[in-house]
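Here is the structure we will look at.
There are 2 protein chains.
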Amino acid sequence: MLLNIWNLRSDLRYQPIGNLEKKTLFDAMEAKEFKDFSSAMTNYIAEYLENIRDRQVVPSVKPGYLRPLVPEQAPEKPEPWTAVMDDIERVIMSGVTHWHSPRFHAYFPTANSYPAIVADMLSGAIACIGFTWIASPACTELEVVMLDWLGQMLGLPEEFLARSGGEAGGVIQGTASEATLVALLGAKARTMQRVKEQHPEWTEVEILSKLVGYCNKQAHSSVERAGLLGGVRLRSLKPDNKRRLRGDTLKEAIEEDVRNGLIPFYVVATLGTTSSCAFDLLDEIGDVCQEKDIWLHVDAAYAGSAFICPEYRYLMKGVEKADSFNFNPHKWMLVNFDCSAMWLKQPRWIVDAFNVDPLYLKHDQQGSAPDYRHWQIPLGRRFRSLKLWFVLRLYGVENLQKHIRKQIALAHLFEKLCLDDERFELFEEVTMGLVCYRLKGSNDINEALLRRINGRGKIHLVPSKVDDVYFLRLAICSRFSEESDIHESWQEIKASADEILAEK
Amino acid sequence: MLLNIWNLRSDLRYQPIGNLEKKTLFDAMEAKEFKDFSSAMTNYIAEYLENIRDRQVVPSVKPGYLRPLVPEQAPEKPEPWTAVMDDIERVIMSGVTHWHSPRFHAYFPTANSYPAIVADMLSGAIACIGFTWIASPACTELEVVMLDWLGQMLGLPEEFLARSGGEAGGVIQGTASEATLVALLGAKARTMQRVKEQHPEWTEVEILSKLVGYCNKQAHSSVERAGLLGGVRLRSLKPDNKRRLRGDTLKEAIEEDVRNGLIPFYVVATLGTTSSCAFDLLDEIGDVCQEKDIWLHVDAAYAGSAFICPEYRYLMKGVEKADSFNFNPHKWMLVNFDCSAMWLKQPRWIVDAFNVDPLYLKHDQQGSAPDYRHWQIPLGRRFRSLKLWFVLRLYGVENLQKHIRKQIALAHLFEKLCLDDERFELFEEVTMGLVCYRLKGSNDINEALLRRINGRGKIHLVPSKVDDVYFLRLAICSRFSEESDIHESWQEIKASADEILAEK
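Protein chains in written order, with my numbering: chain L, 1 to 504; chain V, 1001 to 1504.
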């Protein structure tokens, strides 16, 4: 039936490999060398992190700095690992922004811990691609169980957890942006099916053109981007005077849209906005979503970690009304990026909508364990739950709670220093590890202040603007941050303000 | 203007931290312990990889095996790292499918090397989020230069490279699935703009409903999935009798669709299909796309690594006609997952279409270096180019070429063993490190053979099916594979065939 003689190019046909048989020929780094290299890198990393405070937080390089520092092409012959080690300071560190310096207060924290680094070494050595259960059962199963551990730590309702016995459960996404998009796609699939049943005469394109989702105007930019990517309309709604989306606002918008023939399908509630760490009123929003049968996704990317401390769970009141919930242990819970935890009550809407199942990915155990490739945008996935396992065990819940509480206390320390200086005012209530503040006065003077602070090069901040009010954000980012660091950062800000105000 | 006194819950207000000042209180793992743990893990990894051949390639666990092996909740108190090390064999390795065993021949290879593991340690320590240039200049700039190195190694035309001075350049995506989706979104944006100019009276939804993309019926499942995610129609076209998509077939389909009022906008050419490693005729397809002004994306996820060897570049003839090109160093070029290299001639279609730019992400150097967050689906990104830098330098181009050539030679060795046994036939010409073969006879007997081989538990394979012909795939996956391993795998297949045929 099929030929078994091929018209192959003769130079590509099999020839005895001969001298290729020797393992070391291309195995540039044998186990012995790996051990030496790994040991040198371990020492370098410990030295780097333990003394990170002493480095200039943002480098003074200009765009294009790196190209002249390295050759134009990859080397033909292998180099020794010592040559690479020698280049790290010169080529890399000279252009690194040190996110783990106590002088770094920009954006939100990103996690970094020794247990997570070691876990990733193991993940890199096993290097399985966990797209199906059979592709590496441990990779899928540890993730299922770790997301149950984590969900319990947060006090998530049982109906989100795999241990509840139904289809629900957690999954590790790469980023909160992906979680938002996955939830949007699930919401879209669920609504499409319902509307198709109600209106079999409508085409998919017609239905799609009527779909509308909602979020707080202060929601993260990735929510708007998810709408663009998913090709659906998303409305940004006006929050109340504390930057919180309210149930009434949402309800009004929905009813207006329904009157205009649109189909509301998706709501994102943000717990901890990026601009000022405001919390949408989830409980109110949840009631509206339940009444209107709309998928409710909770984006708690940064602040979600705080829910491991029971005293902060009042901020997620109403979470049982959500369809999906997401937060990033890779932000504030000492698990290195990428580890964005997401729980879904009905993963079937994602799984079924995008289930493309070629024979080479089928296996005998399908259905009895999740095949996580259906739960995410990419097909491939690393063994990321190892990081979670290592961090949870080596810190223990108790120490992770202490970490959160300490960082929040440091934010309140900065808040106090700020309020003790009558030239300053706060822009937003301090709830987590973020302080939003400004000089009393114009936006211009605050822009000048931000430029001065960053220009002096000792600490690093980013600004934000809400309703045309420009303010500065100070996020507690480093796990090495101590009270003395906060005093130093405050002194730096105060000195910059002194300069700016003196010049005026 | 703003209050600076807040009605805070008193228990959340700042209180002196006192005993929290001691650094070690929650820093569960200090530098000294990290060094011990890292050293123990390094030894474990070297031991694991050097002896991986001796492990059972697929574990015999059943779904749900792991949950009873660990506690139901995360521990309250920290555990010592030695407790975690002790659990690795019991909990994890008992359920791992060993992708780097020379007995593993399923799917396609995924990369694993010592230099990449050490590079990821450094990436984990720096732990920056490279969403903008300023967020860590080194993270962006090394990526730009590494993608230039890599593009030159492959012989990509200069117009794909950043060093050409225009907007073009490379980016590291997480997976080929994401690259396919990003290219589709770029193609969609470019076509939308063109059609809107030509037909200002058409709505976006109307245009969207007319868009149609194309790929080989044998293209990867992620191409179909990208269509689903992007909400556009994708047509799978029939390949020729060598499983290759031809220019004529594409041209006919396009012209038929245009006659029916549709708007062709996107073509994916696959170089090395997953089922049988067939190569679309890129040169012919490229001509059609240029004539019709359609975005051409090249998916060379697996086979692309072979283009570092000049003798295989005939398979990418016509690449200069493409708009985007993607392959996975994390498959076959010894760079650990995730590292999917993508080049775009006109990244502006992605950058502008999904550019959502809040104040806290703006910086002064915008425009003079790429802000990679616009080039990808997620916002966050790790410092992944370090892996590429370490691997390219520590192996050298020469040894990476030897790696590719050796693995292809091993595939030809298996091909020869197969052809020397007259009960077997090949399904597809062997070009790369994949051999597609079957017992002469029915699909049933080949399904039985596959079950028997995997059931014996010594080696692991997955099957595929093209045009109703079921066949087995043997991929050369492990960098530890030697001639003797191929002989052993063949003996195992032969013995299974003996059993199956004897039972008949």
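For each residue, glycine too, the CB sits at the ideal point set by N, CA and C.
With distances taken from CA atoms, which of the options is nearest residue i?
i: residue 437 of chain L; options: L:262, L:105, L:302, L:458; result: L:105
i: residue 1325 of chain V; options: V:1230, V:1336, V:1456, V:1296; result: V:1296
i: residue 1186 of chain V; options: V:1294, V:1091, V:1119, V:1112; result: V:1294
i: residue 1090 of chain V; options: V:1079, V:1113, V:1080, V:1066; result: V:1066
i: residue 1508 of chain V; options: V:1301, V:1392, V:1290, V:1263; result: Missing from the structure shown is residue 1508 of chain V; chain V here goes from 1001 to 1504 and no further.
i: residue 1141 of chain V; options: V:1163, V:1124, V:1153, V:1155; result: V:1163
i: residue 1413 of chain V; options: V:1336, V:1109, V:1399, V:1432; result: V:1432
i: residue 397 of chain L; options: V:1350, V:1131, V:1075, V:1233; result: V:1075
i: residue 1043 of chain V; options: L:118, L:60, L:289, L:64; result: L:118
i: residue 1052 of chain V; options: L:50, L:127, L:96; result: L:127
i: residue 292 of chain L; options: L:283, L:266, L:303; result: L:266
i: residue 289 of chain L; options: L:494, L:268, L:425; result: L:268
i: residue 1220 of chain V; options: L:361, L:48, L:419, L:165; result: L:361
i: residue 1474 of chain V; options: V:1459, V:1138, V:1358; result: V:1459
i: residue 233 of chain L; options: L:359, L:364, L:264; result: L:264
i: residue 251 of chain L; options: L:180, L:285, L:485; result: L:285
i: residue 523 of chain L; options: L:315, L:331, L:490, L:229; result: Residue 523 of chain L falls outside the range modelled here, since chain L spans only 1 to 504, and no answer is possible.
i: residue 508 of chain L; options: L:198, L:195, L:317, L:222; result: Because residue 508 of chain L is not part of the residues shown, which for chain L are 1 to 504, the question remains open.
i: residue 1493 of chain V; options: V:1461, V:1503, V:1467; result: V:1461
What did DSSP end up calling residue i once you bin it into helix, strand or coil?
i: residue 455 of chain L; result: helix
i: residue 242 of chain L; result: coil
i: residue 1488 of chain V; result: helix
i: residue 1405 of chain V; result: helix
i: residue 342 of chain L; result: strand
i: residue 198 of chain L; result: helix
i: residue 220 of chain L; result: coil
i: residue 1328 of chain V; result: coil
i: residue 1323 of chain V; result: coil
i: residue 1290 of chain V; result: helix
i: residue 1005 of chain V; result: With a pLDDT of only 35 at residue 1005 of chain V, under the threshold of 50, the placement of this residue in the model should not be trusted, and no figure is reported.
i: residue 1472 of chain V; result: strand
i: residue 1379 of chain V; result: coil
i: residue 334 of chain L; result: coil
i: residue 1232 of chain V; result: coil
i: residue 1302 of chain V; result: coil
i: residue 21 of chain L; result: Confidence is the limiting factor: at residue 21 of chain L the pLDDT is only 41, short of 50, which leaves the residue's position unreliable and the question unanswerable from this model.
i: residue 318 of chain L; result: coil
The ligand ADP and residue i: does any heavy atom of the ligand fall closer than 7 Å to the residue's C-beta?
i: residue 283 of chain L; result: This structure does not include the ligand ADP; it has no bound ligands of any sort.
Under 8 Å between the Cβ atoms of residue i and residue j?
i: residue 101 of chain L; j: residue 57 of chain L; result: yes
i: residue 430 of chain L; j: residue 415 of chain L; result: yes
i: residue 450 of chain L; j: residue 472 of chain L; result: yes
i: residue 46 of chain L; j: residue 1040 of chain V; result: no
i: residue 1184 of chain V; j: residue 177 of chain L; result: no
i: residue 1136 of chain V; j: residue 1130 of chain V; result: yes
i: residue 1377 of chain V; j: residue 1182 of chain V; result: yes
i: residue 1096 of chain V; j: residue 1063 of chain V; result: no
i: residue 469 of chain L; j: residue 424 of chain L; result: no
i: residue 453 of chain L; j: residue 496 of chain L; result: yes
i: residue 120 of chain L; j: residue 336 of chain L; result: yes
i: residue 410 of chain L; j: residue 464 of chain L; result: no
Q) Is it a yes or a no for the segment 1333 to 1344 of chain V touching the segment 1168 to 1182 of chain V, going by three-plus beta-carbon pairs under 8 Å? A) yes
(Q) Three Cβ pairs or more, each shorter than 8 Å: is that satisfied between the segment 1153 to 1169 of chain V and the segment 366 to 385 of chain L? (A) no
Q: Within the segment 345 to 376 of chain L, note down every full alpha helix (DSSP H) run reaching 4 residues or more, in order along the chain.
A: 348 to 353
**Q.** the segment 63 to 82 of chain L in contact with the segment 1142 to 1149 of chain V per 3-pair CB rule at 8 Å
**A.** yes
**Q.** Those runs of the beta strand (DSSP E) which lie wholly inside the segment 1242 to 1285 of chain V and span at least 3 residues
**A.** 1263 to 1270
Q) Is the segment 210 to 223 of chain L touching the segment 1207 to 1219 of chain V, taking contact as three or more C-beta pairs under 8 Å? A) no
Q: Please determine if the segment 1234 to 1245 of chain V and the segment 1260 to 1279 of chain V are in contact, where contact requires at least 3 C-beta pairs separated by less than 8 Å.
A: yes
**Q.** Given 8 Å, three or more beta-carbon pairs between the segment 247 to 259 of chain L and the segment 298 to 312 of chain L
**A.** Flag = no, the segment 247 to 259 of chain L and the segment 298 to 312 of chain L do not touch.
Q. Curious, which full-length beta strand (DSSP E) runs of at least 3 residues does the segment 58 to 142 of chain L contain?
A. none
Q.
For a minimum of 3 consecutive residues, which ranges assigned as the beta strand (DSSP E) are wholly contained in the segment 414 to 468 of chain L?
A. 424 to 426, 434 to 439, 462 to 466
Q: Within the segment 1138 to 1188 of chain V, note down every full alpha helix (DSSP H) run reaching 4 residues or more, in order along the chain.
A: none
Q. Does the segment 387 to 395 of chain L come within contact of the segment 111 to 118 of chain L, defined as at least 3 CB pairs closer than 8 Å?
A. yes
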